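Participant:
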Amino acid sequence: MEFKQLWQEYRHQLRNFLLSKVKNPSDVDDLLQEILIKTYQKLNTLKEADKFSAWLFQIARNTLTDYYRKSHRDTSHQEIVEKAIFTDEESEQYEQVRRELTKCIHPFLQQLPPKYRDAIEAVDLQGMSQKALAVELQLSHSAIKSRVQRARHMLRELFQECCHYQLDVRGNLVDFESKSANCSSC
Numbered sequence: 002m003e004f005k006q007l008w009q010e011y012r013h014q015l016r017n018f019l020l021s022k023v024k025n026p027s028d029v030d031d032l033l034q035e036i037l038i039k040t041y042q043k044l045n046t047l048k049e050a051d052k053f054s055a056w057l058f059q060i061a062r063n064t065l066t067d068y069y070r071k072s073h074r075d076t077s078h079q080e081i082v083e084k085a086i087f088t089d090e091e092s093e094q095y096e097q098v099r100r101e102l103t104k105c106i107h108p109f110l111q112q113l114p115p116k117y118r119d120a121i122e123a124v125d126l127q128g129m130s131q132k133a134l135a136v137e138l139q140l141s142h143s144a145i146k147s148r149v150q151r152a153r154h155m156l157r158e159l160f161q162e163c164c165h166y167q168l169d170v171r172g173n174l175v176d177f178e179s180k181s182a183n184c185s186s187c
């Protein structure tokens, strides 16, 4: 599909997205033009054509962030920027990715040594405080902190061995893809 056709297909959606975030229609037109230029210039960086929509809307969100930073240099407006960028649809996208990865947590946890698995399950999955766990296990608070940190690190390594992850500018997980068909941990 040609760039012109792609742009025509998504232009209306982008404009509506921008109108929901920016009050001034002339600013929306300027932003749309800026997104068009950025998209055309960066099209060669798109690795997977089937993810064009997510890639395009990431450019739009980044452009919106820049717009709000320029127009609201005061740090008290950071909350406005955050609210302007995330839509319910995007929140649902993040939740969908998290739900898909949730099924991987338990098989990966089973691969951890018991003392690390127990620590991360208690603190991160059951919501127990590290101090309470330290008292329960009759260990120092710093020992539990170390176990939880180490368990998180080990768990992160297991996830990274299995999948490639795509994060947005804020570090939120946007997408993932298995590195090989052999990764059957999930």
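If you read the sequence shown in my numbering, its first letter stands for residue 2, the second for the next number, and so on. Ideal Cβ placement from N, Cα and C applies to all residues, glycine included. None of the values given here were measured: they were computed from a predicted structure.
#1: Near Leu102, what residues of its chain come up, given a Cβ to Cβ distance below 7 Å and the 5 sequence neighbours on each side ignored?
#2: Distance check for Met155 and His107, CA to CA, integer angstroms please.
#3: Could you give the DSSP three-state label for Glu178: helix, strand or coil?
#4: Whole-angstrom Cβ separation of Ala123 and Met129, contact assumed at under 8 Å?
#5: If you draw a straight line from the C-alpha of Ala120 to the C-alpha of Ser179, how long is it?
#6: Starting from His13, follow its DSSP beta bridges and name the residues at the other end.
#7: Roughly how far, in whole angstroms, is the beta-carbon of Leu44 from the beta-carbon of Leu33, given that I think they are within contact range, below 8 Å?
#8: For the alpha helix (DSSP H) holding Ala135, just list the boundary residues, first then last.
Facilitator: The structure says:
#1: Phe177
#2: 13 Å
#3: strand
#4: 4 Å
#5: Taking the straight line joining both Cα atoms gives about 27 Å.
#6: For His13, which the question treats as bridged, DSSP gives no partner whatsoever.
#7: Rounded, the Cβ-Cβ distance is 16 Å, inconsistent with contact.
#8: First-last of the alpha helix (DSSP H) with Ala135: Gln131 to Leu138.
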